[in-house]
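Those protein sequences? They're chains V and Y, same order as listed.
Numbering of the first sequence is given in the working numbering, commencing with residue 1 and proceeding in unit increments.
Numbering of the second sequence is given in the working numbering, commencing with residue 1 and proceeding in unit increments.
Note that the Cβ used here is the ideal one computed from N, Cα and C, for glycine as well.
There are 2 protein chains.
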Amino acid sequence: MNVERHPHRLTSVPLTDVEFRDVFWAPRIETNRSTTLNIEYEQCKKTGRIDAWRWRAGRRHKPHIFWDSDVAKWIEAAAYSLATRRDRGLERRIDAVVEMMAEAQGADGYLNSHFQLVEPEKRWSNLRDWHELYCAGHLMEAGVAYEQATGKRKLVDVMCRYADYIGKVFGRGPGQLRGYPGHEEIELALVKLYRATGREGYLRLSKFFIDERGKRPHYFDIEARRRGEGPESFWARSYAYNQSHVPVREQAEVVGHAVRACYLYAGMADVAAETGDKTLLRACRRLWRNLTERRMYITGGIGPTAANEGFTVDYDLPNESGYAETCAAIALVFWAHRMLHLEADARYADVMERALYNGVLSGVSLDGQRFFYANPLTAYPGMAAFTPPHVTTKRQAWFGCACCPPNIARLIASLPGYAYSQSKDAAWIHLYAAGEACVRVGDHEVTLRQRTRYPWDGRVRISVHPEAPSRFTLALRIPGWSRGATLKVNARGVRVDAITTGGYAKIERRWTRGDTVALNLPMPVERVEAHPRVRQDCGCVALQRGPIVYCLEEVDNGRDLGDIALPAKARLRARMDRGLLGGVVVITGEALRRDGSVWGGELYRAVRSKPRRVGIKAIPYCVWANRAEGEMLVWIREA
Amino acid sequence: MNVERHPHRLTSVPLTDVEFRDVFWAPRIETNRSTTLNIEYEQCKKTGRIDAWRWRAGRRHKPHIFWDSDVAKWIEAAAYSLATRRDRGLERRIDAVVEMMAEAQGADGYLNSHFQLVEPEKRWSNLRDWHELYCAGHLMEAGVAYEQATGKRKLVDVMCRYADYIGKVFGRGPGQLRGYPGHEEIELALVKLYRATGREGYLRLSKFFIDERGKRPHYFDIEARRRGEGPESFWARSYAYNQSHVPVREQAEVVGHAVRACYLYAGMADVAAETGDKTLLRACRRLWRNLTERRMYITGGIGPTAANEGFTVDYDLPNESGYAETCAAIALVFWAHRMLHLEADARYADVMERALYNGVLSGVSLDGQRFFYANPLTAYPGMAAFTPPHVTTKRQAWFGCACCPPNIARLIASLPGYAYSQSKDAAWIHLYAAGEACVRVGDHEVTLRQRTRYPWDGRVRISVHPEAPSRFTLALRIPGWSRGATLKVNARGVRVDAITTGGYAKIERRWTRGDTVALNLPMPVERVEAHPRVRQDCGCVALQRGPIVYCLEEVDNGRDLGDIALPAKARLRARMDRGLLGGVVVITGEALRRDGSVWGGELYRAVRSKPRRVGIKAIPYCVWANRAEGEMLVWIREA
């Protein structure tokens, strides 16, 4: 394999070089640090995950096949937090776990609490259903993050040894397995490990897993026969479930388990970035379009059904039974971030922002203590009675399959890392949030300071502070949701249209210390409609203001939210309510609804209801279910 | 137990005394006889059901726990068909099966192909999950029907022996089991057997099963422990699944598996009728109200979820995932028919009619060869991909669990038996259909002849032919859906309101041969709304004309039916289309829809669509899916 020069256009600004001091994310990041990381550790401790390596036959808390990944994501989350704020107690906790892992690691490099302690004879025997490579990938990410945060190399060294061993087990040589993970994740992790170590073998191994996926004869068939099972007995029925139904370069539709899918696509984008593989990039683009043009909720949630925790068919976006796993929206952010760096196109940042502010953030309560696994777009009475136990209208403290809580913790802890990028001759701002970043443009360092109340207000002041006066481009994302953006540079108006390409307004000039840019993104309340093929949203509008998608909650609007109808011309007002839900902009207006109290016993009758006017109040979707439990609704009928 | 005089007010007019010669049912009854009964026999033969009793260890087609019930329902259906039209070939087929059963019956009277041939050691060991008493009940119904049709007593005698044995096994005496069926059905069957034989023991046994149900200590707990299982390991989690969570007289909400529920309620109504048990009757009334005022589709379909094949919570009537099993609508008809006879109130007949013309009849194709198990109120692209395999948008030839096909066959074959009733001083007409009936009023026989094109036209001419001139009441149902009914007796107008009680216009007079009654039930196209609490139907209307509920199909209206919006004032026209679907009245009108072709790739956008006018055409729900496979929709958005 020829490792080419990176064809990706942007590189991230490291987390350590960005600080958020904004009204929206900074409090969430602080809650994540001070509360979520602790309770997740306690949950991992209580459930035996932390001490998995101390398990011995006969004791309870037998390590489960995916436990290592939960601990790994917690370490990664904690590492990101340490990167911006040291915490000795937290470090000691991590060091203790890492110590345990290092001791447990096999002489050959193998490391998996379940398969070392519980079923050692089953190592690598069922890549399709079990999670060995997935756990390995998460531990690699944790190792890289922890080293970058603290400089401590123990975990990343452990994981290099493990990766080296995996590279011996898997490959096209004699005696090697031509397998790949049933749950993707290691693909992107190996690229991280490659970037952290410079060892090309890891990149090659990642590419191997991607290239082998879905080839005939099918590895999961071979493997099943080796176990003495018929391949047709696969419980999920189709290899589309894990995106191995055809080779990845032939895939045109996002299918199967949504988290697996987007982890794979993120890995594909990474390998495309590192190798310049155009066929992989084309597959990524095709899959991206299918996902974002046909299979994504307005919240950025993806994967509408619990049946496969994933995708169904085009335009099938049920609100009631919408699964939209928190992890899937997070995986979409990972993929979007990579595509953005490859293509420098704001389409990707738009989706990333949509998911972050809505379908990701809904996954955690304001107090940082409870989590949603599923993020449907409506809640209704009795919903919990007939959904799986992890799909509820109340966030839960933990889950048997606890992938989401540490996943959202690591994303929130690393969030400032998603806001800025740098390239040879430009500094890029993707997300608006008060604070500052130190960006490298070519050989120069430039400090960018943002003053804004985004996402509640679309006015963003940016002051630019190059080390020395220099010519470069400041690229500001003009969000897809915005219309009529205006821009001033040092108080002089600039025509936004004229300088915008790929969704970024590109201000190319010689910058000197203290230059200011004033970007104004008008934020009227927008009524959004969905494509006519999305049957569940026909006749409905969603309210959106800036990047924030709104919903109605029963606590504000009474029961039977589905009966509320918003006249097309009803005026909608937005105002900041500082006392509500940590301070949010609410939307109020007048709507129509029938009066259920005047109905007799009849369930059906010839139409004769006269709707009456009622006030409505909408809150951001991301903060629903932080007050009384009750109904919730995103898509509101239009009268 | 004191068997009191029947408190029920009406008795049915036997099937043999009624003839349908109408445009709607008569062709269905003929197709049922000439096609459905044959193909169901062939399916039972092919799948091993017919020859279940010839099974020996090692052979394929091992009798399943519910197979006897499938054959039983087929015999019952065939018997009803023979009752109105003899068919020697059919009789020979039945006789052969009955012969086999008679030979197989145990010396003690026990009869069950699965538990005699496959797992003899497990007899009566799991009433909760297995179907012994259920199969017994269906065979009893078959025996009674076959005797009434042909006079042949062999099967009913076999079943009396079995019932006598069951009466020894179950009871409150020493050594007896205080159990009852997990799948109810035998309760109503025992009352049929009691009525056919006059043996009170069968009625007592039915009442025993009903009275014991749900008592503490719970029999299914006891039984589970006897099997060495913890009762908490019950797969359905709650005894509400089989309506044994509390004693039946304490039940106020319809819960659990819908077919089981309505078979039980029908049995309760039967026992209430035969014993005058007011507490049972009150429970029936309460459950009826809960079901029909909060848990029934407009089609008469019931049981909205596949999860328990049954009920969820009040007002939860999803259209997309609506299960509405054909058998459940049939069970509702059985229960409604019994309540009608107990209370002589047209509310029950209204529901019976609603189910028959809509949610029952949709269960079978026009050619009588294919069946729906589930009857959701909408079909959409890709639906089949994520529903259980027996839930499809195309009727199927058969099912592994084949309860629905023979159930609908027996109902259609016996349908004329639902149209008329008799009482001491009145002849009752519940269903309008051209043809005639011979009704006993007190000591007199009265022939009633109907001329009508109902349900396509609301004009019904009835000529009354008493044996001799006599005074009695002719009670004509004024359907709940009708407004402005008019009535003439021998061409003289009668004020309908003045003579209507309990939903029946009661014409009391001295009738002489050839008197005529002209009932006119205006049939405008009605827009129907659902209670505001039914969130899935908010903002929508269903079109109904007479008893017929309409739907839109893709073949007439194109794709994306959900995007069609019907202006509140749009004129809707009804016309008979003789060439369509065997001749049906279609509804046409003008509606609005967006133009999906002018959308670009975007999935969401700020509202700017301008809907355009389009013609729509609705067909009766009961005949959907008889042409090209595609979308279907009952609840249409109102613009």
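Does the CB of F386 of chain V have a neighbour CB from chain Y at under 7 Å? Within the first sequence, the letter at position 386 stands for residue 386 of chain V. Output row for F386 of chain V: interface = yes.
Buried versus exposed, by CB contacts within 10 Å (16 or more), E229 of chain Y: In the second sequence, residue 229 of chain Y corresponds to position 229, counting from 1. E229 of chain Y should be labelled exposed.
Helix, strand or coil for I210 of chain V per DSSP? For the purposes of this step, residue 210 of chain V is taken as residue 210 along the first sequence, with counting starting at 1. I210 of chain V falls in the helix class under three-state DSSP.
So does the segment 183–194 of chain Y actually touch the segment 125–134 of chain Y, counting three or more Cβ pairs closer than 8 Å? yes
Cross-strand partners of T197 of chain Y (DSSP beta bridge): The sequence position of residue 197 of chain Y within the second sequence is 197, counting from 1. Looking at the DSSP assignment, T197 of chain Y forms no beta bridge with any residue, so it has no partner.
So which residues on chain V does I298 of chain Y lean against when the C-beta distance must stay under 7 Å? For the purposes of this step, residue 298 of chain Y is taken as the residue at position 298 of the second sequence. Simply Y604.
Taking the Cβ atom as the reference point for each residue, do V118 of chain V and K46 of chain V lie within a distance shorter than 7 Å? For this step, residue 118 of chain V is matched to residue 118 along the first sequence. For this step, residue 46 of chain V is matched to residue 46 along the first sequence. It is not a contact, given that the beta carbons lie outside the stated cut-off.
Chain Y contacts from the segment 512–542 of chain V (Cβ-Cβ distance under 8 Å): E526, R527, V528, E529, A530, H531, P532, R533, V534, R535, Q536, C538, G539, V541 and A542
Start-to-end residues for the alpha helix (DSSP H) that takes in N407 of chain Y: Along the second sequence, read from residue 1 onward, the residue named residue 407 of chain Y stands at position 407. Residues C404 to A413.
One question on the structure: do W635 of chain Y and N319 of chain Y come within less than 7 Å of each other, judged by their Cβ atoms? For the purposes of this step, residue 635 of chain Y is identified with residue 635 of the second sequence, where counting begins at 1. For the purposes of this step, residue 319 of chain Y is identified with residue 319 of the second sequence, where counting begins at 1. Yes, Cβ-Cβ distance for W635 of chain Y and N319 of chain Y is below 7 Å.
Spell out the partners DSSP gives W648 of chain Y in its beta bridges. Outside the shown range of chain Y, which is 1 to 639, sits residue 648 of chain Y, and nothing can be said about it.
Environment of I222 of chain V [buried if 16+ CB atoms lie within 10 Å]: One-based indexing of the first sequence puts residue 222 of chain V at position 222. Exposed, by the Cβ-count rule.
Taking C-beta pairs closer than 9 Å, name the residues in chain Y that I381 of chain V reaches, listed in chain order. In the first sequence, counting from the first residue as 1, residue 381 of chain V sits at position 381. This sequence places Pro at residue 381 of chain V; Ile is not what is there. By Cβ distance, chain Y contributes V313, D314, Y315, D316, R533 and R535.
With DSSP run on the structure shown, which of helix, strand or coil describes E325 of chain V? In the first sequence, counting from the first residue as 1, residue 325 of chain V sits at position 325. Correct three-state label for E325 of chain V: coil.
Do three or more CB pairs link the segment 326–343 of chain V to the segment 404–420 of chain V at distances below 8 Å? yes
Can you tell me which of the three DSSP states G493 of chain Y falls into? Residue 493 of chain Y sits at position 493 when you count from the first residue of the second sequence. Strand, per DSSP.
Which residues, in order along the segment 558–574 of chain V, keep a beta-carbon less than 9 Å from a beta-carbon of chain Y? R559, D560, L561, G562, D563, I564, A565 and A568
Is Y724 of chain V near I587 of chain V, with beta carbons less than 7 Å apart? Any answer about residue 724 of chain V is impossible in this case: the structure gives chain V only from 1 up to 639.
Thinking C-beta only, is A78 of chain V closer than 7 Å to L37 of chain V? In the first sequence, the residue the question calls residue 37 of chain V occupies position 37. In the first sequence, the residue the question calls residue 78 of chain V occupies position 78. Yes. Within cutoff.
Is the Cβ-Cβ distance between G214 of chain Y and P247 of chain Y less than 7 Å? Position 214 of the second sequence, counted from the first residue, corresponds to residue 214 of chain Y. Position 247 of the second sequence, counted from the first residue, corresponds to residue 247 of chain Y. Their beta carbons are under 7 Å apart, which means G214 of chain Y touches P247 of chain Y by this criterion.
Beta-carbon gap between H138 of chain Y and K73 of chain Y smaller than 7 Å: Here the question's residue 138 of chain Y lines up with position 138 in the second sequence. Here the question's residue 73 of chain Y lines up with position 73 in the second sequence. Contact flag set, yes.
Can you list the alpha helix (DSSP H) stretches of 4 or more residues lying completely in the segment 495–525 of chain Y, in chain order? 496–499
Along the alpha helix (DSSP H) that carries G230 of chain Y, what are the first and last residues, could you check? Residue numbering aside, residue 230 of chain Y sits at position 230 when the second sequence is read from its first letter. G230 of chain Y -> no alpha helix (DSSP H), and no H or E assigned at all.
May I ask you to verify whether the segment 254–268 of chain V touches the segment 286–306 of chain V, counting CB pairs closer than 8 Å and requiring at least 3? yes
Look at R395 of chain V and F371 of chain V and say whether their C-beta atoms are less than 7 Å apart. The residue labelled residue 395 of chain V in the question sits at position 395 within the first sequence. The residue labelled residue 371 of chain V in the question sits at position 371 within the first sequence. Yes; because the gap between Cβ atoms is below 7 Å, this pair is in contact.
Supposed close pair P532 of chain V, S482 of chain V - CB separation, criterion 8 Å: As a working mapping, residue 532 of chain V is identified with position 532 in the first sequence. As a working mapping, residue 482 of chain V is identified with position 482 in the first sequence. Not a contact, Cβ separation roughly 24 Å.
Does A355 of chain V have its Cβ less than 7 Å from a Cβ in chain Y? For this step, residue 355 of chain V is matched to residue 355 along the first sequence. Taking Cβ atoms only, chain Y never reaches closer than 7 Å to A355 of chain V, which makes this a no.
DSSP state of R545 of chain V, grouped into three classes? As a working note, residue 545 of chain V is residue 545 in the first sequence. Strand at R545 of chain V.
With a cut-off of 8 Å on the beta carbons, I'd call D70 of chain Y and R54 of chain Y a contact; round off their distance for me. As a first step, residue 70 of chain Y is located in the second sequence; it is residue number 70 there, counting from the start. As a first step, residue 54 of chain Y is located in the second sequence; it is residue number 54 there, counting from the start. Not really, about 16 Å apart at Cβ, beyond 8 Å.
Given that a residue counts as buried once 16 or more other Cβ atoms are within 10 Å of its Cβ, and exposed if not, what is N490 of chain V? Translated into positions along the first sequence, residue 490 of chain V becomes position 490. Exposed, because fewer than 16 other Cβ atoms sit within 10 Å of the Cβ of N490 of chain V.
For L566 of chain V versus L552 of chain V, is the C-beta distance shorter than 7 Å? Residue 566 of chain V sits at position 566 when you count from the first residue of the first sequence. Residue 552 of chain V sits at position 552 when you count from the first residue of the first sequence. No, these two residues do not count as a Cβ contact at 7 Å.
Scan the segment 521–597 of chain V and note each continuous beta strand (DSSP E) run of 3 residues or more that stays entirely inside, going in chain order. 526–530, 540–545, 548–553, 572–577 and 584–593
Contacts around I640 of chain Y, its chain only, beta-carbon distance under 7 Å, and the 5 residues preceding and following it disregarded: Residue 640 of chain Y lies beyond the stretch modelled for chain Y, which goes from 1 to 639, so this question has no answer here.
Go ahead and pull the three-state DSSP assignment for Q396 of chain Y. Here the question's residue 396 of chain Y lines up with position 396 in the second sequence. Looking at Q396 of chain Y - three-state DSSP - the assignment turns out to be strand.
Exposed or buried, what is E529 of chain Y when buried is set at 16 or more other beta-carbons lying within 10 Å of its beta-carbon? Along the second sequence, read from residue 1 onward, the residue named residue 529 of chain Y stands at position 529. Answer is buried; the Cβ neighbour count reaches 16.
Leaving out the 5 sequence neighbours to the left and right, which residues in its chain are closer than 6 Å to D537 of chain V when beta-carbon positions are compared? Taking the first sequence and counting its residues from 1, one reaches residue 537 of chain V at position 537. For D537 of chain V, where only same-chain residues beyond five positions count, the Cβ hits under 6 Å are A530 and W635.
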